[in-house]
Every structure is written in structure tokens, then in C-alpha cells.
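> The UniProt record's numbering numbers the first residue of the sequence shown as 1 and each following residue consecutively. The beta carbon of each residue, even a glycine, is placed where N, CA and C say it ideally should be.
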Amino acid sequence: MLVVFGVVLLALVLFATEALPIDVTALLVAVTLMVLEPLTGVTVTQGLSGFSNPATITVLAMLILSAGISKTGAVQILGRKMAQFAGTDRRKQLAATIGVTSVSSGFINNTPVVAILVPVISDLAHKGRTSPSKLLLPLSFASMLGGMLTIIGTSTNILASSTAASLGEQERYAGLGLRAFSVFEFTDIGVVVLLVGSVYLMTVGYRLTPERIPPEEGYVEEYEIEGFLTDVVVDEDSILVGMPVSRAVDETLFDADILQLERAGETFAEPLGKKEIEAGDTLRVRADRNTLRRFMLADGLSLLGGPRSDADLTETDEDIDPELVEVVVPRGSFLVGETLESSTFRQRYDANVLAFRSRGELIRNRLEDITIQVGDTLLVQTTPDSLDRLAENRDFIVAREPETPAYRTDKIPLAVGIIVAVVGVAAVGLLDIVVSALAGVVAMLVTGVIRPNEVYESVEWNVVFLLAGVIPLGIALQNTGGAQLLGALVAMTGEYLPAIGVLWVFYVATSLITNVISNNASVVLMLPVAVDTAVRVGANPFAFVLAVTFAASTAFLTPVGYQTNLFVYGPGGYKFSDYARVGGLLQLLLSVLTVGAIVALRGLGA
């Protein structure tokens, strides 16, 4: 038991600090439990059971179904209709954002929904003269609220369902009503939570959400890069004449970077390294004022000026003007843990990274050497073709819709029909949700909604490996009696609190844990303990299962608690504290409301 608690502690630290990618941490946990089988009781079969667990397979299938919907452009088109309806009315913009996001998240995995809608909402904000900050945080929060409408709204619900079913098969909990969730198992509670949460976001939350990015501010002002980008002319006697661009800046002396070269009216960007500099060339240099001054004096350059607005960076004499756009780095991107230099991002996408925002901090110096983290937002200048390649790549979330998106709009009826069939067949009990979801994947492939090569690209493999890795941790807690011990300790609060108070304690504890570690990991850790506690205090175990499930999907306090929070972190210009500022009261409100709704609609008696 002590060994398993040690593994749990190690997992918590690694999940919270993200010293390793979360899927790697999950696999490390599973391997450790198997290696220490004599102490943990986790056999090889049990350690690998996460890969064949119905929850893992269902999540995999739902990710593919979500990708199929995305390929048709159904959600994007719905977003555009929303923008037309909202116009420049801020209340309508917010209501439409919450409405479209929450309903979509109930039937499509909420993480892809937010990834799809970030560019739609960003465009809506800019065109509607509204600060993106006012809409993007509600977008993320609404996706979490909507994800609790059905079992397929989020991977956490599916994992909780599987875990509850596994616990119900144990002799200790036989006859207590523990079972897998039906598709609409908690929709009534979810609707109550969604309505109250939406009212909060429309009123109190709207007032508390800061306007970090002014409505009509451009990227140059937002990222404060006016003083870091400067155009200089190469003098006749400059020592740079005849030198390749790659050797023009001595990085040991100058924190500077040449992003662009203009010669005789023709502009050259990447690849620049081998191009030789000539007298009269105009170089666009990224450096602060002091570094630039030293660089100019040392190398014989004359100041020309610098961009003062977005137009200076996007309007040129070329046939095709460059684009300026924000790019968010999601979990699983090849950029995570890399630097711009080691990833060769600039060369791969013919793109200049002008600045980026990491954990709320603006970074404009030493960009090539900064290690990129999940949720970082890059300000990129690139060509329209390269922008399309970025938008099509699942390693990035481009915070702006492409001008001519290649959606399969003719497949929308088929895609929507398949999703409705998947949900309907599972809801009436004709097929288990895992079978129904897999049948839906086959249907999408056969009808051409999604292509075979796109299936593997559409799966968030880090989520799949996370689920497969953490499931054995719950088994270890059960095998060693760790869950029972923790349950007994928590049950002692029943001497001072009524059963509903103990239920509330579990909700709050889970919601706090899920704000610092993966929501899936928090479900695996908390569900066995919650069920054991319910048995000890004589309460309804299924009520405790529902409380933990809802709490695990309410990570409103930090940007790292839920992936959708990271998606909007950079484009919204938020600070770390903004999440607690807006989400703290919501978290407290929902803790009381959800527990009350569970007791009223499901009962607390054993």
C-alpha cells in the first residue's frame, strides 16, 4: 500500500509539474506498477488492461467521429451563422458563443470543439469590435459545462463510466447500483448545471472577465513588438556585404535575428541562411533598441524605420501579401519541449515567429532558444500557402479561419446522421456505447465523411495513452487496499458532517485536484475512494460517482487544469490569475448546485 501511495505521489508531482508529457507519465506509472508487481499486485495483464478498456476504445472512436464532423465544416458553419446573428452586440456574441459551444460539446468531444471554435470566435471578436478576452474564456468554460450533458461529451465521463462499472463487479460493492452510465445518465443534472453556469458567465462572469486585449488593437500593439522589429539598410562600406545571412549576426555578441531581406523591390523570407547580403539591401532585424544600436554601429547599417501597425507587416509590393496570425501549441504538438531552432519551425513552414506568449508572459528576445510549452501562442508572419498548411496540421491551432477552407459540406447530413445514430442506438440500449461508436467510425469511413489516412491523424494519441496508463493506478489502489484506507479516513468526517457534507467534500477535493493534474487521472484516483467512503457512511455510492465525475470536468481555476483552458490562454491574452478570478466563484457555486441537484434528483440514501 505504501509503495502504491508512493507511485501516486510521483504521478501527482509529474502531472502537476509536467516535467514529462502527461502520456509519458501515465505510461511510466503503468510500467512501474508492473515492475513492482509483488508489492503492487498489478499483473502484466492488469497493467496493460488500459489499452483494451472500453473507455479507451470509446474515447478513440469518439475522437475520430469528432474529426469527421470537423472535416465537413458543420461546427465552423454553425459558428459563422452565430457570428451573423451576433453582429457587434456583445451580449449576443457571448450568448451565441456559450450556446453553440455548450450544445456542440454535449455530443462531440469538447476538446476538438474548442480547437475548432477558437479561430471562429477570434474572428467574431475582431470583426464585432469586441475584445477576444471577453469571449474566449467563456468559450472554454462553456465547453466544460456542455461536456456534462452526455457521456460522450468528454473522455472523463467515459472513463468514469468504465471505472464505476468495474467497481460494481467487485464483490465488496455488489448490489449497490454501481454500473456503466447510459448516454443520458446525468443529462438532467447537466442541464441544470449548464443553465446556471451560463447565467453566471453572462452576468457576473462577464464583469469579472478582464479585457486583456483591447477590441481594435492589432498584433503589433498587442505583442508590443514595435520596439523589437526594425528595418535597416546595408551601407556601401558595411562589413556584412558579401556575407551570407546565416553569419551576419554574431549571437555571442548580439541578441538579434534577421527575419527578412528586401532587394530591388523583391522580398525574401525563409530560407535566408545562404543568401549573400549586398549593399543597399534592407534587412528586417528583430532586436531591442540597445542591441540594434550596437549592431548598426558595428556592422555599418543605417536606420530605416520599423512596423508600427499590422498593415506594415502584411501589406507589401509583392503579388501575394504575407499573413499575420496567432498559432496555439496544443498538447501533443511536436513543438512541445523543443525550441524554434531545434524544431526547424521557420524552415518547415516558411514562417517568421515575431514574438510569443508563454504562461501569460510576452517573449520577444532569444526566441530561438526558448523551450516551447503546451498552450504557448506564437505570433507568426507567413505566406497564405504556409498558413493553410499550418491550419491543416493538428500540431497547431491557428486562431483565424482560412479564407477558402476545404470543407466537405456535402457530407454534413451524413456526418450529423451518423452522430445521431451513434447516440440514439446507445441511448435505447440496442448496442453498448463502445460498439455504437466504432460502428459510427466504420460508417464515416464507408460514406467518405473521413478518409482512412485521416483516421490515424485525428486521434489524440496522448489522450489514449494517458487513459491506458492511469487505469492500472486505480487497479493498484484497489488491490492493495489503498482506496479502502483512504475511504476510511475520509469517512471519519461523517462523524462531524452529514452525508451530503461528505459528498460536497469529495466534489471540492476532486475539483481542486483536477485543476493541477489531468482530469482523467483525478477520476481514476478519486472514484474508488469516493465509493468506499459512501459505503462506510451509509450513502448512495452512485451519487458519489456522479459528484466526482462532474467535479473532474470543472477545472475553472487554472489554465493548466484542462486543455481547453490552454487553447484560449494565449489568444485571449490572459494572465494565470484570470482563471481563478472568473472561475473561482463559478467553481464554488457549482459545487453547491451540483451536489444539491444530485441529492434532489438521485437521492443520497444507500
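Return the Cβ separation of Gly-205 and Val-582 in integer angstroms, given the expectation that the two are a contact with Cβ distance under 8 Å.
5 Å
> Pull up the DSSP beta-bridge partners for Leu-2, would you.
None, per the DSSP bridge assignment.
> Would you tell me roughly how many angstroms separate the C-alpha atoms of Gly-227 and Ala-311, rounded to the nearest one?
In this structure, the alpha-carbon of Gly-227 lies about 16 Å from that of Ala-311.
> For the pair the stretch 179 to 189 and the stretch 136 to 143, tell me if three or more CB-CB distances fall below 8 Å.
no
> Judging by CA-CA distance, which residue of Leu-588, Ala-427 and Asp-257 is the nearest neighbour of Asn-352?
Ranking the options by Cα distance to Asn-352, first place goes to Asp-257.
> For Gly-300 versus Asp-231, is the C-beta distance shorter than 8 Å?
no
> On the three-state DSSP scale, how would you describe Arg-359?
coil
> In its own chain, which residues sit with a C-beta less than 7 Å from the C-beta of Leu-229, not counting the 5 before and 5 after it?
Arg-284, Arg-286, Gly-306, Pro-307 and Leu-354
> In whole angstroms, what separates the C-alpha of Gly-448 from that of Gly-41?
46 Å
> Ile-419 by DSSP, collapsed to three states: which one?
helix
> What separation, rounded to the nearest whole angstrom, lies between the Cα atoms of Met-34 and Leu-20?
20 Å
> Rounded to whole angstroms, how far is the Cβ of Leu-467 from the Cβ of Asn-519, which I believe are closer than 8 Å?
Not quite, the Cβ-Cβ distance comes to about 11 Å (not below 8 Å), so this is no contact.
> Using DSSP bridges, identify the partner residues of Ala-284.
Note on identity: in this sequence residue 284 is Arg, with Ala being the wrong assignment. Beta-bridge pairing links Arg-284 to Asp-231 and Gln-260.
> Does DSSP put Glu-326 in a helix, in a strand, or in coil?
strand
> Looking only at its chain, what residues have a beta carbon closer than 7 Å to the beta carbon of Glu-224, apart from the 5 residues adjacent to it on each side?
Leu-362
> I need the straight-line Cα distance from Leu-124 to Ala-95, nearest angstrom please.
About 13 Å.
> So the candidates are Leu-604, Gln-587, Gly-605 and Gly-603; which of them puts its Cα closest to the Cα of Val-193?
Of Leu-604, Gln-587, Gly-605 and Gly-603, the smallest CA-CA separation from Val-193 is found for Gln-587.
> Is it the case that the stretch 332 to 347 contacts the stretch 530 to 537, given that we only count it when at least three CB pairs across the two stretches are under 8 Å?
no
> Between Ile-213 and Ala-483, what straight-line distance do the alpha-carbon atoms span, to the nearest angstrom?
46 Å
> Going by C-alpha distance, which of Trp-504, Thr-480, Leu-485 and Arg-179 is nearest Ser-591?
Trp-504
> When the Cα atoms are used, what is the spatial distance from residue 618 to Ala-248?
Only positions 1 to 606 of the chain appear in this structure, which leaves residue 618 out of reach.
> Secondary structure at Glu-226, three-state DSSP: helix, strand or coil?
coil
> Comparing alpha-carbon positions, which option in Leu-48, Val-199 and Val-118 lies nearest Gln-76?
Val-118
> Evaluate Arg-331 with the Cβ neighbour count: other Cβ atoms within 10 Å of its Cβ, from every protein chain shown; 16 or more gives buried, anything less gives exposed.
A residue is called buried when at least 16 other Cβ atoms come within 10 angstroms of its Cβ; Arg-331 meets this threshold and is buried.
> With a cut-off of 8 Å, do at least 3 Cβ pairs link the stretch 454 to 469 to the stretch 48 to 68?
Output reads yes: the stretch 48 to 68 touches the stretch 454 to 469.
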